[in-house]
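**Student:** Protein chains in written order, with my numbering: chain V, 5 to 316; chain R, 25 to 588.
Structure in structure tokens, see below.
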Amino acid sequence: MRLVRLWPENSRFDFMRFRRFSFPLSALISIATAIMLLTVGLNFGIDFKGGTLMEIQAKSGQADVAQIRQTAEGFGFGDVEVQEFGSAGEVSLRFPIQPGGEAAQAGVVQKARDTFSNEYDFRRVETVGPRVSGELVQSGTIGVVLSVLAVLFYLWFRFERELAVASIIGTLHDIVLTIGFFVITRHEFNMTSIAAILTIVGYSLNETVVVFDRTRELMRRYKTMPTEELLNLSINHTMSRTIMTAATTALSLLALVLFGGQAIQGFAQVMLYGVVICTYSAICISSPMLIYIGLRGSEAVKVPEGKAAAAE
Amino acid sequence: MDDRSWAQAWGRSAARYVWPERLRKVELTMLRFSKSKIIATLAFIIIGLLLGVPSLMSSEQRKAYLDAVPSWVPSWLVPSRAIVLGLDLQGGSHVLLQVDEADLVRGQVTLLRDDVRRILRDTRVASQNGIQTIQRGVQIRVPDAADRERLMPRLRELAQPISNAVLGQTGDSSIALNEGPDGVITLTLTDAGINDRVRRAVDQSIEVIRRRVDATGTTEPSIQRQGADRVLVQVPGLQDPQQLKALLGETGNLEFRLLAQPGATDVDMLPMREAGGQRVPVERRVIAEGGDLTDAQAAFDPQTNQPIVNFRFNIRGAQRFGQATTENLGRQLAIVLDNEVISAPTIQSPITGGSGQISGSFTVEQVNNLAVLLRSGALPAKLTIVEERTVGPGLGRDSIEAGKIATYVAGIFVVLFMFATYGVFGLIANIALLVHVGLIFGLMSVLEATLTLPGIAGIVLTIGTAVDSNVLIYERIREEVRSGRSIVSGIQAGFDRAFATIVDSNSTMAIAAVILFFLGSGPVRGFAVVFILGILTTVITAVTLTRMMIALWYQWMRPKALPF
């Protein structure tokens with residue numbers, strides 16, 4: 005049987021050349037993300053914004069969105085977002101947070117249930133008050149910051165300083181681009197999105213670490229090889245693995261996007277995008293970054309002379 | 025990069041890069057998979073997989089299976105624990121309540137004012153301007169030094185030391201007593217005192233909530249403290265938490281008082297339900313309260329067929345109620361629930377039997393709730409709903425279905441892909457993958473972990489990442505063999521060298537997952553659990569199990585070349 009090869013053996017591709025495109029491109033996207041984040045902002049879900057989310061399904065299988073919107077706007081609970089999704093007459097309603105503190109939120113659900121429960125099933129009702137949403141924003145931010153710090157600490161402990169710095173730059177790049185994805189697609193940003201970002205942090209480092217593990221190994225073997233060549237070699241060596249893993253992970257996520265159901269689709273889409281971004285950044289951002297950071301600085305001291313000579 | 029350096033990288037130097045002195049040792053360690061080690065590995069995996077079996081059964085099947093186990097088998101030998109489905113999968117309500125601190129403080133200040141009034145009366149000291157309520161406390165003014173002398177020791181008794189289960193006496197006191205100029209004395213609740221009250225209020229609330237929720241007949245509610253001032257109530261299967269919320273939203277503080285007669289001074293103006301919320305004067309004196317009740321039942325009035333609540337007093341309550349009704353024949357009683365007069369019957373005859381009824385214009389549901397409230401006792405403070413999440417059973421079922429399909433499809437994708445790429449080795453990786461998913465199930469069952477919708481996503485995602493370790497190993501083996509090693513030494517070197525990378529790459533993933541676990545709540549935490557367990561099992565299956573299978577395959581086939 006002929007087996008599939010996604011990447012040729014003994015490849016000698018010059019990946020470092022890409023940095024002329026990838027650096028400006030990533031910088032551009034990052035800046036655009038920052039600007040859009042400040043001007044347009046994220047589409048916060050009720051986890052962070054507070055408010056009430058309802059998913060209802062028409063018992064007849066046919067939802068009258070226009071009528072729902074008209075009725076819901078008549079409640080006087082502020083701007084209500086009404087959206088149809090799925091195929092079986094499912095409609096989601098989002099009400100903003102009501103003034104008057106925690107107790108004021110309950111009225112929304114009551115009113116909606118009284119109005120719609122004859123013709124619609126309530127599949128999901130979520131109400132988050134102002135206090136809880138404030139805390140969720142806080143813990144979400146802490147989580148992302150903390151994970152970056154913890155990982156930085158691990159890398160610092162496990163790798164040379166230069167490699168640690170380069171991989172953390174790659175990871176920050178991936179976080180920024182993921183946020184950019186949320187800003188541009190108007191994907192709802194909620195607690196699950198934080199989970200997606202943290203998973204992407206993990207995956208991003210996973211990718212970089214595999215390449216850098218090899219860089220470190222090759223560095224000790226070829227003492228005199230220029231950084232650029234060394235990095236190219238590392239990526240070429242690990243490329244077939246990178247492609248395999250990206251492919252299997254992407255295939256799983258694709259299964260989730262296609263069949264996982266509406267509630268998990270958003271998460272899977274972000275992760276799928278994340279896998280692509282992480283793979284790109286490990287090859288085109290973190291690794292070439294080392295050309296500028298310098299690679300040999302601390303390493304030359306660390307490897308004893310005799311051992312290095314034997315390896316060559 | 026010029027040709028020369030490439031040649032150096034790929035040609036001569038790479039080919040020379042072997043360690044001849046290690047070759048023989050390598051051959052031995054790779055093949056040495058003793059029988060006992062194989063048996064141990066298999067036993068570990070089989071036990072791990074068996075632990076997951078109860079999770080695959082429905083609860084009735086599980087019960088039947090546990091009953092079928094002979095009694096002489098020790099219970100720890102029988103896997104009985106199962107994965108718990110999260111509320112987002114089985115449907116149900118999640119209500120997060122917070123003790124209303126302002127309400128609690130108000131109540132405490134009222135108590136403090138009553139205490140101070142009592143002490144002033146006892147010591148026959150008069151305060152100028154009476155007792156002023158200030159923020160978080162009360163203020164009195166006693167200009168005469170001799171009066172203050174008598175008063176202060178009694179006031180000091182009000183300040184209770186706060187004890188803590190962990191630290192014992194903390195030295196903090198619940199009330200701060202201050203003497204200002206001009207004989208001004210202030211008593212304020214301390215922060216420590218309020219925190220302590222909040223903590224105890226949460227504990228008491230949990231008890232009261234449990235009684236109330238149980239009374240609604242829902243199955244397996246989970247009621248737990250969350251943080252310093254919150255209670256999380258989770259009720260699986262509950263579709264419309266309206267009744268639950270109505271029950272939890274009421275403090276349930278019942279008082280029997282008298283409607284005030286014209287000209288009375290010590291009165292509260294309270295809204296009366298029968299008068300459409302119009303405020304009526306009610307005497308401050310409380311004849312009996314909810315705590316004096318021993319029972320309360322919803323019923324129908326045999327004459328009017330109206331829904332009513334029958335109640336029964338304890339001895340103390342019966343006595344006081346009997347006395348008050350005897351003394352106040354013909355006057356109107358005020359039955360006050362959470363500062364609202366819900367009923368104001370006229371006392372027709374002394375009620376000395378210790379039982380009575382509350383009637384009014386109630387619906388059946390209202391009397392049912394009222395009876396539950398009275399039976400379960402009053403909450404120590406008002407509870408506010410700060411978060412509510414309800415998932416209907418239909419959505420939960422659909423989510424499980426969709427999750428199953430996605431898992432199967434992801435599994436099939438990955439299995440086919442691995443087989444197409446690595447042949448026999450891909451098959452071995454696929455067996456390891458199946459075991460990996462099985463072990464996640466087993467571990468989750470033992471831990472009785474909660475499977476949530478993001479948790480399912482976690483399983484699917486680990487299907488993709490689990491094979492990463494295999495891929496790392498296989499690619500490494502391929503490289504080693506290509507650079508001139510024999511197949512067995514290549515396999516050995518592949519495992520050895522890839523191992524450090526596997527540990528590194530999984531550790532970084534684990535760090536992110538652990539943080540997510542501590543940070544997230546509910547569904548998101550479910551994702552973190554799956555992910556952490558997935559990382560643990562992947563190291564076991566990809567390294568130990570794969571290595572064993574490859575060793576056996578090698579011993580059996582004695583191949584001359586790698587199959588991929």
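We put the CB at the ideal spot given by N, CA and C, even for glycine.
Any chance you could list the beta strand (DSSP E) runs of at least 3 consecutive residues sitting entirely within the stretch 22 to 58 of chain V, in chain order?
**Tutor:** none
**Student:** Pull out every residue of the stretch 477 to 490 of chain R whose Cβ sits closer than 8 angstroms to any Cβ of chain V, in chain order.
**Tutor:** 477, 478, 480, 481, 484, 485, 487, 488 and 489
**Student:** Is there a Cβ of chain R sitting closer than 7 angstroms to that of residue 143 (chain V), yes or no?
**Tutor:** Chain R, which has a Cβ nearer than 7 angstroms to the Cβ of residue 143 (chain V), makes this yes.
**Student:** Exposed or buried, which one is residue 332 (chain R) when buried takes at least 16 other CB atoms within 10 Å?
**Tutor:** Residue 332 (chain R) is buried by the Cβ-count criterion.
**Student:** Around the Cβ of residue 120 (chain V), are there at least 16 other Cβ atoms within 10 angstroms (buried) or fewer (exposed)?
**Tutor:** buried
**Student:** Measuring straight from C-alpha to C-alpha, what distance separates residue 308 (chain R) and residue 270 (chain R)?
**Tutor:** 27 angstroms
**Student:** Flag residue 45 (chain R) as yes if its beta-carbon sits less than 7 angstroms from any beta-carbon of chain V, otherwise no.
**Tutor:** Because residue 45 (chain R) carries a pLDDT of 47, less than 50, the predicted location of this residue cannot be relied on, and the following value inherits that uncertainty. Residue 45 (chain R) does not count as touching chain V.
**Student:** So with Cβ pairs under 7 angstroms, would you call residue 309 (chain V) a contact of chain R?
**Tutor:** Confidence at residue 309 (chain V) is low in this model, with a pLDDT of 43, below 50, so the placement of that residue is unreliable and no value is reported for it.
**Student:** So what's residue 253 (chain R) in DSSP terms, helix, strand or just coil?
**Tutor:** coil
**Student:** Can you give, in chain order, each stretch of the beta strand (DSSP E) that sits fully within the stretch 66 to 92 of chain V and has at least 3 residues?
**Tutor:** Correct list: 85 to 89.
**Student:** Find the nearest neighbour of residue 215 (chain R) within the set R:134, R:99, R:483 and R:200, judged by alpha-carbon distance.
**Tutor:** R:200
**Student:** Tell me where the beta strand (DSSP E) around residue 8 (chain V) begins and ends.
**Tutor:** Segment: none, residue 8 (chain V) is in no beta strand (DSSP E) and carries neither H nor E.
**Student:** So is residue 529 (chain R) buried or exposed if we call it buried at 16+ other beta carbons inside 10 Å?
**Tutor:** buried
**Student:** Since residue 115 (chain R) and residue 261 (chain R) should fall inside the 8 angstroms C-beta cutoff, what is the C-beta to C-beta distance between them, to a whole number of angstroms?
**Tutor:** So it is a contact: roughly 6 angstroms between Cβ atoms.
**Student:** Please confirm whether residue 433 (chain R) has its beta-carbon closer than 7 angstroms to some beta-carbon of chain V.
**Tutor:** yes
**Student:** Using a C-beta to C-beta distance shorter than 7 angstroms, which residues of chain V count as neighbours of residue 597 (chain R)?
**Tutor:** Because chain R here runs from 25 to 588, residue 597 (chain R) falls outside it and cannot be looked at.
**Student:** If you reduce the DSSP assignment to three classes, tell me which class residue 367 (chain R) lands in.
**Tutor:** Residue state, collapsed to three classes: strand.
**Student:** Using DSSP bridges, identify the partner residues of residue 303 (chain R).
**Tutor:** R:295, per the DSSP bridge assignment.
**Student:** Say whether chain R places a C-beta atom closer than 7 angstroms to the C-beta of residue 155 (chain V).
**Tutor:** yes
**Student:** Taking 7 angstroms as the threshold (beta carbon to beta carbon), is residue 42 (chain R) in contact with chain V?
**Tutor:** Annotation note: pLDDT 42 at residue 42 (chain R) (below 50); position unreliable, no value reported.
**Student:** Taking 7 angstroms as the CB-CB cut-off, is residue 496 (chain R) touching chain V?
**Tutor:** yes
**Student:** Looking at the unbroken beta strand (DSSP E) that takes in residue 126 (chain V), where does it start and where does it end?
**Tutor:** 124 to 132
**Student:** So for residue 57 (chain R), helix, strand or coil by DSSP?
**Tutor:** coil
**Student:** Mind checking the stretch 116 to 136 of chain V against chain R and listing, in chain order, the residues whose C-beta falls within less than 9 angstroms of any C-beta there?
**Tutor:** Residues passing the 9 angstroms Cβ filter: 117, 121, 125, 126, 127, 128, 129, 130, 131, 132, 133, 134, 135 and 136.
**Student:** Pair every Cβ in the stretch 238 to 257 of chain V with every Cβ in the stretch 269 to 289 of chain V, then say whether three or more of these pairs are closer than 8 angstroms.
**Tutor:** yes
**Student:** Scan the stretch 519 to 539 of chain R for residues whose Cβ lies nearer than 7 angstroms to a Cβ of chain B and list them as they occur along the chain.
**Tutor:** In the structure shown, chain B cannot be found, because the protein chains are V and R.
**Student:** List the whole-angstrom C-beta distance separating residue 93 (chain V) from residue 66 (chain V), where the pair is believed to meet the contact cut-off of C-beta under 8 angstroms.
**Tutor:** Confirmed, Cβ separation roughly 5 angstroms.
**Student:** Give a yes or no on whether the C-beta atoms belonging to residue 7 (chain V) and residue 588 (chain R) are separated by under 7 angstroms.
**Tutor:** yes
**Student:** So is residue 303 (chain V) in contact with chain R if we call contact Cβ pairs under 7 angstroms?
**Tutor:** Interpretation of residue 303 (chain V) is limited by its pLDDT of 47, a score under 50 that renders its predicted location unreliable; no figure is taken from the coordinates.
**Student:** Could you tell me whether the Cβ of residue 243 (chain V) comes closer than 7 angstroms to any Cβ of chain R?
**Tutor:** For residue 243 (chain V), the nearest beta carbon of chain R is not closer than 7 angstroms to its own beta carbon.
**Student:** Ignoring anything shorter than 3 residues, give me the beta strand (DSSP E) runs that lie fully in the stretch 121 to 185 of chain V, in order along the chain.
**Tutor:** If we require 3 residues or more, the beta strand (DSSP E) runs fully inside the stretch 121 to 185 of chain V come out as 124 to 132.
**Student:** Say whether the stretch 164 to 173 of chain R touches the stretch 118 to 135 of chain R, bearing in mind that this needs 3 or more beta-carbon pairs closer than 8 angstroms, one atom from each stretch.
**Tutor:** no
**Student:** How about residue 589 (chain R) and residue 57 (chain R): do their beta carbons lie closer than 7 angstroms?
**Tutor:** Any answer about residue 589 (chain R) is impossible in this case: the structure gives chain R only from 25 up to 588.
**Student:** Is residue 404 (chain R) closer than 7 angstroms to residue 225 (chain R) when the C-beta atoms are compared?
**Tutor:** yes
**Student:** Quick check on residue 83 (chain R): buried or exposed, where buried means 16 or more other Cβ atoms within 10 Å of its Cβ?
**Tutor:** exposed
**Student:** Can you list, in chain order, the residues of its chain whose CB lies under 7 angstroms from that of residue 571 (chain R), leaving out five sequence neighbours each side?
**Tutor:** The residues are 519.
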